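Chains as they are written, first to last, in the numbering used here: chain D, 50 to 376; chain L, 34 to 616.
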Amino acid sequence: MTAYILRRILYLIPTFFGATFLAFLIIQLAPGDYLTQLELDPKVTPETIARLRAQFGLDRPIYEQYLLWMDNLLHLNLGYSFAYQAPVLEVIWPRVVNSMVIVIPSTILLYLVAIPIGVYGAVRQYSLGDRILSFLAYIGLSIPSFFLALIAIYILLQIKFRTGTLIFPVSGMTSSGFEQLPPLRQLLDIAWHAVVPVLVATANDIAGLSRLMRGQMLEVLGQDYIRTARAKGLAERVVLYKHAFRNAVIPFVATLGGLLPSLISGAGFVEVVMAWPGITPFFLDAIANQDLYVIAGFLTVSLVLLMIGNLISDLLLAWVDPRIRYE
Amino acid sequence: MRRALAVLAGLIALAGVASAQTFVWPQKWTVAKPSEVKRGGTLRAAVISDYRTFNPFITAESGNVPSIISGGRGLVTRDPTTGDWIPYMAESFTVSPNKLEITFKIRRGMRWSDGRPITADDWIMTWRIHTDKAVGSNSYDSFFIDGKPITLRKIDDYTIRFTYPKPDATAFAVAAFVPWPAHVFGPVYQREGAEGIKKMWTLNEKPENIVSGGPWLIESYRPGERLVLKRNPAFGEWNKDEAGNPLPYLDRYEIKIVKDTNAQLAEFLAGNIDLMAPATVDHISQIRQAIQQGRLDATIKVNASPVASSQFMVFNWNKASDPFKQSLFRSDKFRRAMSHIVNRQAVIDIVYGGLGTPMYTSVYPVLTQWINPKVPKYEYNPQQAAKLLAELGFTKKDKEGYLVDGKGRRLEFNLATNAGNAQREQMAKLFVDEAKKVGVKVNFTAIDFNTLVGQLLSSGPDRPFDAIIIGLSGGDLDWPFGSNVVPCKGNLHMWNKSGQCIDPRETQLDALYSRGRTELDFKKRVEIGYRMQEIEAQLLPVIYIAGPNYHPAWNNRLGGEHPDAIISAIWGQRELELTFIKK
Numbered sequence: 050m051t052a053y054i055l056r057r058i059l060y061l062i063p064t065f066f067g068a069t070f071l072a073f074l075i076i077q078l079a080p081g082d083y084l085t086q087l088e089l090d091p092k093v094t095p096e097t098i099a100r101l102r103a104q105f106g107l108d109r110p111i112y113e114q115y116l117l118w119m120d121n122l123l124h125l126n127l128g129y130s131f132a133y134q135a136p137v138l139e140v141i142w143p144r145v146v147n148s149m150v151i152v153i154p155s156t157i158l159l160y161l162v163a164i165p166i167g168v169y170g171a172v173r174q175y176s177l178g179d180r181i182l183s184f185l186a187y188i189g190l191s192i193p194s195f196f197l198a199l200i201a202i203y204i205l206l207q208i209k210f211r212t213g214t215l216i217f218p219v220s221g222m223t224s225s226g227f228e229q230l231p232p233l234r235q236l237l238d239i240a241w242h243a244v245v246p247v248l249v250a251t252a253n254d255i256a257g258l259s260r261l262m263r264g265q266m267l268e269v270l271g272q273d274y275i276r277t278a279r280a281k282g283l284a285e286r287v288v289l290y291k292h293a294f295r296n297a298v299i300p301f302v303a304t305l306g307g308l309l310p311s312l313i314s315g316a317g318f319v320e321v322v323m324a325w326p327g328i329t330p331f332f333l334d335a336i337a338n339q340d341l342y343v344i345a346g347f348l349t350v351s352l353v354l355l356m357i358g359n360l361i362s363d364l365l366l367a368w369v370d371p372r373i374r375y376e
Numbered sequence: 034m035r036r037a038l039a040v041l042a043g044l045i046a047l048a049g050v051a052s053a054q055t056f057v058w059p060q061k062w063t064v065a066k067p068s069e070v071k072r073g074g075t076l077r078a079a080v081i082s083d084y085r086t087f088n089p090f091i092t093a094e095s096g097n098v099p100s101i102i103s104g105g106r107g108l109v110t111r112d113p114t115t116g117d118w119i120p121y122m123a124e125s126f127t128v129s130p131n132k133l134e135i136t137f138k139i140r141r142g143m144r145w146s147d148g149r150p151i152t153a154d155d156w157i158m159t160w161r162i163h164t165d166k167a168v169g170s171n172s173y174d175s176f177f178i179d180g181k182p183i184t185l186r187k188i189d190d191y192t193i194r195f196t197y198p199k200p201d202a203t204a205f206a207v208a209a210f211v212p213w214p215a216h217v218f219g220p221v222y223q224r225e226g227a228e229g230i231k232k233m234w235t236l237n238e239k240p241e242n243i244v245s246g247g248p249w250l251i252e253s254y255r256p257g258e259r260l261v262l263k264r265n266p267a268f269g270e271w272n273k274d275e276a277g278n279p280l281p282y283l284d285r286y287e288i289k290i291v292k293d294t295n296a297q298l299a300e301f302l303a304g305n306i307d308l309m310a311p312a313t314v315d316h317i318s319q320i321r322q323a324i325q326q327g328r329l330d331a332t333i334k335v336n337a338s339p340v341a342s343s344q345f346m347v348f349n350w351n352k353a354s355d356p357f358k359q360s361l362f363r364s365d366k367f368r369r370a371m372s373h374i375v376n377r378q379a380v381i382d383i384v385y386g387g388l389g390t391p392m393y394t395s396v397y398p399v400l401t402q403w404i405n406p407k408v409p410k411y412e413y414n415p416q417q418a419a420k421l422l423a424e425l426g427f428t429k430k431d432k433e434g435y436l437v438d439g440k441g442r443r444l445e446f447n448l449a450t451n452a453g454n455a456q457r458e459q460m461a462k463l464f465v466d467e468a469k470k471v472g473v474k475v476n477f478t479a480i481d482f483n484t485l486v487g488q489l490l491s492s493g494p495d496r497p498f499d500a501i502i503i504g505l506s507g508g509d510l511d512w513p514f515g516s517n518v519v520p521c522k523g524n525l526h527m528w529n530k531s532g533q534c535i536d537p538r539e540t541q542l543d544a545l546y547s548r549g550r551t552e553l554d555f556k557k558r559v560e561i562g563y564r565m566q567e568i569e570a571q572l573l574p575v576i577y578i579a580g581p582n583y584h585p586a587w588n589n590r591l592g593g594e595h596p597d598a599i600i601s602a603i604w605g606q607r608e609l610e611l612t613f614i615k616k
């Protein structure tokens, strides 16, 4: 087992260099750079733009820029943001933390809700409850999250127009005057603001995950050993949860590692629509501006987390799935 | 001698006055009288993009934090009712007879928020840092005229002299730059140079360390979320209303960062933000509906003015590889025919939902003083276009219904704009349809913005595009012609980047541009501007299409907006300093 883990870690090194170089190359392949926008400003001279380009190192060949960046990276420096004129980590980190306020509860909620729904759907296949849940799941799958967020805002506003109160905020992460609140009230304020974005972020994923769970469970329930277990006269509860569920859940364990990068990658368009100061709107900005090192730096962190996550997944899988053995 | 003594006596008297020399904010800038004003309260606004830095020397985006806390005013400011430059942080100024020097007397008694006096040193230091190449300030270029530097000299603590390499229409605009505290930036600059300056006042800086000479101080900032500003008491010592009340009236100014305009609208409709400038018909009608149904107590001024931006089509004059197209694009008759094909009213109706303004010259329609009303417009007129094209030899049509000349060459070109800009794409499609009706084949493609800019700004005898639809923004009341656009060597002389004037009218425009910039008399300058628009109309280097309008809205808890006559995209809806909360 130890040898296996060591081997896996060694494999990560070439993967890391290959992936970062590819990412860097692809970013650079996009036409133009951070200063292209400025070129259409009637007040800025071409000399100034050339000077800034040299200052940012954008006039050097790509491999040189990559090596410079790698050198920084090995010193745990992700690079410098052109737009913020500050280290990438410094500007990214607060956004990642904000995103986690949505992502963590939403992930927990997702598993808490989706797995039981999936199991229920499989056990009571084609019952009225299963049909209703399936129907809702299809709706959930077909509505993009940003649209769901817009619907949520619309509903909140209609309630406000009819009753005069906003039951949940329409946007943002804190109320005005937040800084003056005592710490506990600040926490409650953030929680109050997070309710709708968390629900919206979860709603979509519930549909997909519960369908997956239902399918897995149905497949396992059709296996011979389940029939054997039932024939043996085992209690249905034991058949379902000890035999079927444990096997049905294995593919999910394999995806647990993928959760690690998703922790920092934000809650998606919900953040944009509901003005949540997370990483998604920030990252979209960086892409639009071609803020090179923000994009590259963020991709690198995601990459590292993905590699670690996959490693963890494999180890977990070995632990859960008795069929996997390492010699 | 006697006069000198009198001046000395005056100076001593001035020094004896304990209170500051105040700037009185004219009553005519607001609809509210000082007697109805209430003090205190919080103004809540929203912006679309996040702030990047507190540092005034490296900030690049518009609406940045330094310009907010400073109020954006310098030695002089513009009077929105007249457009004239008036002394602001200066108490008075004198222009030398040769118009190359302006000497400013700085108002006494102004203080930074940390209590230190604001003096000539602050301007000198600010100018030094802005013009240090290594700092990379966005204001760098504004301190040069034709590559020659504008210099500042300290005469004494309260007198400063600007020397210009030549007389310049934008002289006061340069002098209006905002000063920053020399006692904060100076020592760092001396010790560590540009690198030291760049590291200062990042978003992580503690708000109490940010020194302001303007109306606001930073109270707190939450990245991507909210900037909270509080009143700077030092500002009120020398900024008063006509009744002598210190300004601003507000205690706080909160700016939420809301990246999505739909979410901004929702916040405005919910009464959570006080200011809004809806850009789409849909948003405008939602606000109107909410007001009519009594759900929102607010005011909206639809079509208050055009905005200071342009959308236009430009043809490439440098196509050595395709002499047929090159001679076509260089023909003013052809370009006039194309202008007759642009259905500006359809663009306004379809792209801007009826809320836009047609454009015919490079001067933005909002700069009314500058618009020459007598300039020919070449409005939508397909028959006229067909006639002009026939004069160019395009009299017959081929099987597919497109015009061909005597040699059988079809009238066809490519048109591009940046993908993702729905408005420009719609404009292009409208143009393609209208062109087809006349028999011109236009192949439209939407391409990546940066690729487009790359093509547009490429230079030499053979550039890789036929026609492009794009826009420019930012207006200048002093001299509305672009220093990069009009001169033939200009970087944004988009139609012809061969590096020299090809058409004699380009040479004329180039010369008039230089003359206008050095003309200090506003009336004479406008005359030159009129003349330039006449030549532009004949030459049509660029075919202007139309631009959107400005529709400001505000919650009625606010008072102190501008009188209707000056609410426009140039002056905005109000001076924040004179804004107050009614309830």
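Even for Gly, the Cβ is constructed at its ideal location relative to N, Cα and C. Keep in mind that this is a model prediction, so the values were computed, not measured.
For residue i, go through chain B and note every residue whose CB falls closer than 7 Å to its CB, in chain order.
| i | result |
| --- | --- |
| residue 302(L) | Structure shown: chain B not included; protein chains present are D and L. |
What are the start and end residues of the alpha helix (DSSP H) that includes residue i?
| i | result |
| --- | --- |
| residue 249(L) | Element bounds for residue 249(L): not the alpha helix (DSSP H) but the beta strand (DSSP E), 249-255. |
| residue 260(D) | 232-270 |
| residue 113(D) | 111-123 |
| residue 569(L) | 555-572 |
| residue 324(L) | 314-325 |
| residue 344(L) | Run containing residue 344(L): none in the alpha helix (DSSP H); it sits in the beta strand (DSSP E), 342-348. |
| residue 102(D) | 95-104 |
| residue 539(L) | 537-551 |
| residue 212(D) | 194-212 |
Using a Cβ-Cβ cut-off of 9 Å, state whether residue i counts as contacting chain L.
| i | result |
| --- | --- |
| residue 339(D) | yes |
| residue 35(D) | Nothing about residue 35(D) can be reported from this structure: the residues present for chain D run from 50 to 376 only. |
| residue 212(D) | no |
| residue 227(D) | yes |
| residue 194(D) | no |
Would residue i count as contacting chain D if we go by Cβ distances under 9 Å?
| i | result |
| --- | --- |
| residue 173(L) | yes |
| residue 315(L) | no |
| residue 75(L) | yes |
| residue 239(L) | no |
| residue 641(L) | Chain L is shown only over 34 to 616; residue 641(L) falls outside these bounds and no answer can be derived. |
| residue 287(L) | yes |
| residue 481(L) | yes |
| residue 293(L) | yes |
| residue 201(L) | no |
Could you spell out the range, first to last residue, of the beta strand (DSSP E) harbouring residue i?
| i | result |
| --- | --- |
| residue 176(D) | It is not in any beta strand (DSSP E) - residue 176(D) carries neither H nor E in the DSSP assignment. |
| residue 447(L) | 445-451 |
| residue 187(L) | 184-189 |
From the DSSP output, read off the bridge partner residues of residue i.
| i | result |
| --- | --- |
| residue 389(L) | 581(L) |
| residue 272(L) | 56(L) |
| residue 587(L) | 308(L), 332(L) |
| residue 75(L) | 285(L) |
| residue 594(L) | 607(L) |
Can you determine whether any heavy atom of the ligand FMN sits closer than 8 Å to the C-beta of residue i, and answer yes or no?
| i | result |
| --- | --- |
| residue 289(D) | Looking at this structure, you won't find the ligand FMN or any other ligand, since it has none at all. |
Next on the checklist: Please give me, in chain order, every unbroken run of the alpha helix (DSSP H) with length at least 4 that falls completely inside the segment 453-498 of chain L.
Outcome noted: 455-471, 482-490
Next on the checklist: Suppose only complete runs of 4+ residues qualify. What are the alpha helix (DSSP H) ranges in the segment 115-178 of chain L, listed by chain order?
Outcome noted: 153-163
Item to check | Inter-stretch contact at 8 Å, needing at least 3 Cβ pairs: the segment 335-346 of chain D / the segment 258-266 of chain D | outcome: no
Checklist entry - Between the segment 143-151 of chain D and the segment 314-329 of chain D, do at least 3 Cβ pairs fall closer than 8 Å? => result yes
Item to check | Cβ contact (3+ pairs, closer than 8 Å) linking the segment 311-320 of chain L and the segment 225-239 of chain D | outcome: no
Next on the checklist: At 4 residues or longer, what runs of the alpha helix (DSSP H) sit wholly inside the segment 206-240 of chain L?
Outcome noted: 215-231
Next on the checklist: Closer than 8 Å is the cut-off here; do at least three beta carbon pairs connect the segment 408-417 of chain L with the segment 349-367 of chain L?
Outcome noted: no
Checklist entry - Counting pairs of Cβ atoms below 8 Å between the segment 468-482 of chain L and the segment 428-447 of chain L, do you hit three or more? => result yes
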